[in-house]
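> Residue numbers (our numbering), protein chains in the order written: chain A, 1 to 103; chain B, 104 to 206.
Below are the structure tokens for one structure; questions will follow.
Number of protein chains: 2
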Amino acid sequence: MSSFENVEVVKAANIYFDGKVTSRVVVFADGSKKTLGIMMPGDYEFGTDDNELMEIQAGEMDVLLPGESDWQAFAQGSSFEVPKNSNFKLKVKEVTDYCCSYF
Amino acid sequence: MSSFENVEVVKAANIYFDGKVTSRVVVFADGSKKTLGIMMPGDYEFGTDDNELMEIQAGEMDVLLPGESDWQAFAQGSSFEVPKNSNFKLKVKEVTDYCCSYF
Numbered sequence: 001m002s003s004f005e006n007v008e009v010v011k012a013a014n015i016y017f018d019g020k021v022t023s024r025v026v027v028f029a030d031g032s033k034k035t036l037g038i039m040m041p042g043d044y045e046f047g048t049d050d051n052e053l054m055e056i057q058a059g060e061m062d063v064l065l066p067g068e069s070d071w072q073a074f075a076q077g078s079s080f081e082v083p084k085n086s087n088f089k090l091k092v093k094e095v096t097d098y099c100c101s102y103f
Numbered sequence: 104m105s106s107f108e109n110v111e112v113v114k115a116a117n118i119y120f121d122g123k124v125t126s127r128v129v130v131f132a133d134g135s136k137k138t139l140g141i142m143m144p145g146d147y148e149f150g151t152d153d154n155e156l157m158e159i160q161a162g163e164m165d166v167l168l169p170g171e172s173d174w175q176a177f178a179q180g181s182s183f184e185v186p187k188n189s190n191f192k193l194k195v196k197e198v199t200d201y202c203c204s205y206f
């Protein structure tokens, strides 16, 4: 059972796209944050403020990263990075459990 | 921004009803647990192993508590208790963000 220890969890969820994407903010002792989230099947586009590392804990999605013309498939155990101040598109194939880190 | 401090968060989500109900387990220093979860609109039935306190952080649902014949409406800021080893039914009207405590 992998977990984050000695952290703070914001009680209220982040809710996007009518609940099809939701997440919880986890704050670490050094002030850094991660979000643990769920994406329901569907097509989404997100913008980044920071560099992001998206780790797929369960599920499956195709991703169109900024500047790319080909969609890439990501499944459980895989991850991808998105540069700050950019947009990326997702085609979520299966309910996806993800962890997003900001750096 | 209300949050839980000095806790452990299990990384993997609990996923029920094809992702329409999901939650994260938060473990406290005293070993007690809570879950922070999301329910999409829909009808659900749950069983309890422990006594549960369900706090509605956002959203709206009707609840049929064990032994009751009338549905009761619960919205943001309200809560209800469910005795252990019993079942309760939910009609979730709006995407609901909840916190469940076990005692």
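All C-beta atoms, glycine included, are put in the ideal place defined by N, C-alpha and C.
#1: Could you round the C-beta distance between residue 207(B) and residue 139(B) to whole angstroms and report it? I think they count as a contact, below 8 Å.
#2: Going by beta carbon distance, what residues of the same chain come within less than 8 Å of residue 39(A), once the five residues before and after it are set aside?
#3: So if I threshold CB-CB distances at 7 Å, which residues from the stretch 111 to 124 of chain B count as touching chain A?
#4: Would you mind working out which of 155(B), 148(B), 191(B) and 153(B) sits nearest residue 170(B), comparing C-alpha positions?
#5: Excluding the 5 residues flanking residue 13(A) on each side, which residues of the same chain have their C-beta closer than 8 Å to its C-beta?
#6: Under the assumption that residue 81(A) contacts residue 53(A) (Cβ atoms under 8 Å), give the Cβ distance between them as a whole number of angstroms.
#7: So residue 4(A) contacts chain B; which residues on that side make the cut at Cβ distance below 8 Å?
#8: Can you pull out the residues from the stretch 31 to 50 of chain A whose beta carbon lies closer than 7 Å to at least one beta carbon of chain B?
#9: Mind pulling the alpha helix (DSSP H) runs of 4 or more residues that sit fully within the stretch 65 to 100 of chain A?
#10: What are the boundary residues of the beta strand (DSSP E) that includes residue 39(A)?
#11: Would residue 77(A) and residue 56(A) be called neighbours here (beta carbons separated by less than 8 Å)?
#12: Residues of chain A with CB under 9 Å from residue 185(B), in chain order?
#13: Tell me, please, which residues DSSP counts as bridged to residue 4(A).
#14: Can you name the residues of chain A whose CB is closer than 8 Å to the CB of residue 160(B)?
#15: Measuring only the C-alpha atoms, how far is residue 63(A) from residue 187(B)?
#16: Residues of chain A with a CB under 8 Å from the CB of residue 164(B): which are they?
#17: Determine whether the beta carbon atoms of residue 114(B) and residue 74(A) lie at a separation below 8 Å.
#18: Provide the residue(s) that pair with residue 47(A) in DSSP beta bridges, ordered along the chain.
#19: Just the chain A side, please: which residues come within less than 7 Å of residue 202(B) by C-beta, in chain order?
#20: Is residue 143(B) near the ligand MN - that is, is its Cβ less than 7 Å away from at least one heavy atom of it?
#21: Kindly list, in the order they appear in chain B, the residues whose Cβ is closer than 8 Å to that of residue 1(A).
Let me lay it out:
#1: The question about residue 207(B) has no answer here: the residues shown for chain B are numbered 104 through 206.
#2: 20, 21, 59, 61, 90, 92, 95, 96 and 98
#3: 111, 112, 113, 114, 115, 116, 118, 121 and 122
#4: 191(B)
#5: 22, 23 and 24
#6: 5 Å
#7: 111, 112 and 114
#8: 36, 38 and 40
#9: none
#10: 33 to 39
#11: yes
#12: Correct list: empty, because the minimum Cβ distance to chain A is about 20 Å.
#13: 112(B)
#14: 11, 12 and 13
#15: 43 Å
#16: Under the 8 Å cutoff, chain A gives no residues; its nearest Cβ is about 13 Å from residue 164(B).
#17: no
#18: 87(A)
#19: 11
#20: In terms of ligand content, the structure shown is empty, and the ligand MN therefore cannot be addressed.
#21: 113 and 115
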